[in-house]
Amino acid sequence: MQQIKQDRITKLVLLPLFPQFSISTTGSSIRVLQRIFMDDAYLLRLPVSIIRFWYRRQSYIRSIADSIVIQLSKFEKPEEVLIFFSAHGVPVSYDENAGDPYKDQIEECIYLIMRGLKARYQVSFRTRVSAFTWNNNDNLSMLALQSRVGPVQWLKPYTNEVLAELGRKGVKSLLAVPIRSMARNFE
372 MQQIKQDRIT KLVLLPLFPQ FSISTTGSSI RVLQRIFMDD AYLLRLPVSI IRFWYRRQSY
432 IRSIADSIVI QLSKFEKPEE VLIFFSAHGV PVSYDENAGD PYKDQIEECI YLIMRGLKAR
492 YQVSFRTRVS AFTWNNNDNL SMLALQSRVG PVQWLKPYTN EVLAELGRKG VKSLLAVPIR
552 SMARNFE
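This note's numbering puts the first residue of the sequence shown at 372, with every later residue one more than the last.
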């Protein structure tokens, strides 16, 4: 905060590293900043814009879809690969009681990525990998949630349980696609 004052910043734009909004991530960061700003006259007068979520941005959707295409091309039979989206979970109470939009935003994000992937694949993939054919079955992609802690109920399905079930069902090719924070997180 000292650097903001030293540089005489006149307007501040906050861009969280989380594409989707959750009260537990972006929301908690905003609350911390609000407390800091309330105790400082200079910061309190500073115009602040907050980008609360940005998962709908075409550049983000395109970058994830492009990464998927690149990774699928490394499989011997890319049409048989399950695209496994993984995101951090949140307690069920956040979704049901606190109105946290996170779950809906994660699901919409996956929908947008898959729609973009299907729309772009015919143009970009046929020219590079002629053997690649798009398989439109229902289990082409799926979402599971990770990182639950404590005794409370968390949003499901849980990543560890889904992976075990996929193994029992004989899924042999899976591409894991994390869609949460843009920062590396070692857990």
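No residue lacks a Cβ here, since even glycine has one placed at the ideal position from N, Cα and C. Because the structure is a prediction, the values reported are computed rather than measured.
Residue burial is scored here from C-beta neighbours: Ser438 has fewer than 16 other C-beta atoms within 10 angstroms and is therefore classed as exposed. Membership of Ile380 in any alpha helix (DSSP H) is not indicated, and neither H nor E is assigned to it by DSSP.
For Gln524, there is no enclosing alpha helix (DSSP H), as DSSP marks it with neither H nor E.
Of the residues Met372, Ser399, Ala436, Met513, the one whose Cα lies closest to the Cα of Arg491 is Ala436. Beta-bridge pairing by DSSP links Met513 to Phe455. Non-local beta-carbon contacts of Gln517 in its own chain, meaning distances under 7 Å to residues more than five positions away in sequence, involve Ser457, His459, Gly460, Thr530 in chain order. For Pro462, DSSP records a beta bridge to Trp525. The alpha-carbon separation between Val523 and Tyr465 amounts to approximately 11 Å.
Between Asp475 and Ile394, the C-beta spacing is not below 7 Å.
In the DSSP annotation of this structure, the continuous segment of the beta strand (DSSP E) that includes Ser420 starts and ends at 419–421. By DSSP's assignment, Ala547 forms a beta bridge with Phe455.
For the pair Val440 and Leu383, the CB atoms are not nearer than the 7 Å cut-off.
The DSSP-derived three-state label of Asp410 is coil.
The Cβ-Cβ distance between Phe389 and Thr397 falls below 7 Å. Comparing alpha-carbon positions, the option among Pro462, Arg428, Ile481, Tyr413 lying closest to Ala547 turns out to be Ile481. Per DSSP, Val542 lies in no alpha helix (DSSP H) and is assigned neither H nor E.
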